[in-house]
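Enquirer: The following block contains the structure, expressed as C-alpha cells.
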Amino acid sequence: MTATVRYRRALLKLSGEALLGDKPFGIDDAVTDRLAGEVEAVLGLGVKVGLVLGGGNIFRGMSIAAEGGNRVAGDQMGMLATVMNAIAFEQKLAGRGLKTRLFSAVPIPTFCETFTQRAAQAAYDAGEAVLFAGGIGSPFVTTDTGAAMRAAEMGADGLFKATMVDGIYTADPKRDPSATRYDHLTFGEAIGKGLKVMDIAAMALARDSGIPIIVFNIHQPGAFIDIVKGGGRATVVAG
Ligand code: UDP
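For my numbering, count along the sequence shown from 1 and bump the result up by 130.
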C-alpha cells in the first residue's frame, strides 16, 4: 500500500560529498548509515526509490585534467569511485534488512550487476532499493547527468538532488546573509540565471522528460520523507 504521497517514484542523487561527514576524504560510516535510514523511511511508504551515487569524495576526473593529465582516464577513475560509494551505501541499506540491487554502468560482474534498463526497472518497480553506480559509463559527464538519465529510464516523478542546504538561493547563503531561497523555479529561470542546480545536461534531460528537480538538504533529518509526502523545505525546478 502506498500512503498518500506527493511523489511515488523517486530518484535520489547523492553526491559523494554527502558521505564525507567531517572527513576531508572518503566515507563516514555513521553518516552513510544515517542517510540509509532516510532512504529506508521513504521506501517504507511504498514509494519507489532509485539512488545515484557520486564519487567526488574520492575522485573526480577534472582533478587529473586540471594538472594536464588524461581526462578520460581521470573520469574512469571517477566512475570507479562511484562504484565504491554505491557498495558502501548498499551495505548500509542491506544492514537495515532492505532488499537491494546494485547496478553499474561499467561492467564489474564480480561485484555487482551490469546495468540494463529492463532489469533495473523490474527491481525498481518491485520496490527494491536500486543503486545506480558508474554514472552512465562514459567520460565527460558527471553523475548529475547519470541521475537525470536513470530518472527518465525509471519513469521517476521526481529527481531529488540532495545538498547541504534546503534549496536554491539567490546567492550562497553561507557567504551572503541577504540571500533568499526560491520555492519554485522554471527550468528556463534556473538555466538562465546560471543557478547551480545540476549540470546543464542533467537539467535539459529532466526538463525534456517532464521530471521536476527537487533540491533539498539531506542532512536535515526527515527532510526527504517530508518532501516526498508533500511538505518540507525545498526548491522545486519544474515547467
Ligand atoms: N564520471 C564520468 N561519467 C559519468 C559519471 C561520473 O566520467 O557518467 C566521473 C567524473 O570524473 C566525475 C566523477 O566520475 O567527476 C565522480 O562523479 P561526480 O563528479 O558526479 O560526483 P559527485 O560530485 O556527485 O560526488
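Note that CB positions come from ideal geometry on N, CA and C, so glycine has one too. The structure displayed is predicted, hence computed values, not measured ones.
Roughly how many angstroms lie between the CA atoms of ASP338 and VAL327, to the nearest whole one?
Expert: Cα-Cα distance, rounded: 16 Å.
Enquirer: Quick one, which of LYS291, LEU165, VAL177 has its alpha-carbon nearest PHE219's?
Expert: Comparing Cα positions, the closest option is LEU165.
Enquirer: Which residue from ALA364, THR162, GLY257, ILE321 puts its Cα closest to that of ASP313?
Expert: Cα-wise, what sits closest to ASP313 is ALA364.
Enquirer: Within 10 angstroms of its Cβ, does PHE241 collect 16 or more other Cβ (buried), or is it exposed?
Expert: Exposed, since its Cβ has fewer than 16 Cβ neighbours within 10 Å.
Enquirer: The beta strand (DSSP E) that contains ASN347, what's its start and end?
Expert: It spans 343–347 - the beta strand (DSSP E) in which ASN347 sits, taken as one unbroken run.
Enquirer: How long is the line joining the alpha carbons of ALA216 and VAL182, rounded to whole angstroms?
Expert: Going from the Cα of ALA216 to the Cα of VAL182 covers about 8 Å.
Enquirer: For my contact list, SER193 and GLY204 are in at a C-beta cut-off of 8 Å; report their separation, rounded to the angstrom.
Expert: Indeed they touch by this definition, with Cβ atoms about 7 Å apart.
Enquirer: Do you know how far the Cα of GLU258 is from the Cα of LYS323?
Expert: Distance between the alpha carbons of LYS323 and GLU258: 37 Å.
Enquirer: Of all Cβ atoms in chain D, is any one closer than 8 Å to the Cβ of ALA364?
Expert: The chain inventory of the structure shown lacks chain D, comprising one protein chain alone.
Enquirer: Give the residues whose C-beta lies closer than 5 Å to at least one heavy atom of the ligand UDP, in chain order.
Expert: Output, sorted by chain position: SER145, GLY146, GLY184, GLY185, GLY186, ARG190, GLY191, ASP205, GLY208, MET209, GLY265, ILE266, PRO269, VAL271, THR272, THR273, GLY276.
Enquirer: Taking the alpha carbon of THR230 as the point to measure from, which residue in PRO239, ALA211, TYR254 has its own alpha carbon closest?
Expert: The residue with the shortest Cα to Cα distance from THR230 is TYR254.
Enquirer: Should the region 148–167 be called in touch with the region 300–317, which here means at least 3 C-beta pairs below 8 Å?
Expert: With a cut-off of 8 Å, the region 300–317 and the region 148–167 do not count as touching, because too few Cβ pairs lie within range.
Enquirer: By alpha-carbon positions, which one of PHE262, ALA196, ARG190 ends up nearest to GLN206?
Expert: Nearest option by C-alpha distance: ARG190.
Enquirer: Taking the straight line between their C-alpha atoms, what separation do you get for ILE341 and ALA171?
Expert: ILE341 and ALA171: Cα-Cα distance of roughly 22 Å.
Enquirer: Smallest Cα separation from THR113: which of PRO239, ALA235, ALA256?
Expert: Beyond the ends of the chain as shown, which are 131 and 369, falls residue 113; an answer cannot be given.
Enquirer: Could you spell out the range, first to last residue, of the beta strand (DSSP E) harbouring VAL179?
Expert: Residues 178–183.
Enquirer: From which residue to which residue does the beta strand (DSSP E) around SER234 run?
Expert: Per DSSP, SER234 belongs to the beta strand (DSSP E) from 230–234.
Enquirer: Are the beta-carbon atoms of ALA277 and ALA353 separated by less than 8 Å?
Expert: Not in contact: ALA277 and ALA353 (Cβ atoms no closer than 8 Å).
Enquirer: Assign ASP306 to one of two classes, buried (16 or more other C-beta atoms within 10 Å of its C-beta) or exposed (fewer than that).
Expert: Under this definition ASP306 is an exposed residue.
Enquirer: Once DSSP output is grouped into helix, strand and coil, what is the label at GLU319?
Expert: Of the three classes helix, strand and coil, the one that applies to GLU319 here is helix, per DSSP.
Enquirer: Would you say GLY156 and ILE188 are within 8 Å of each other, going by their C-beta atoms?
Expert: Contact: yes.
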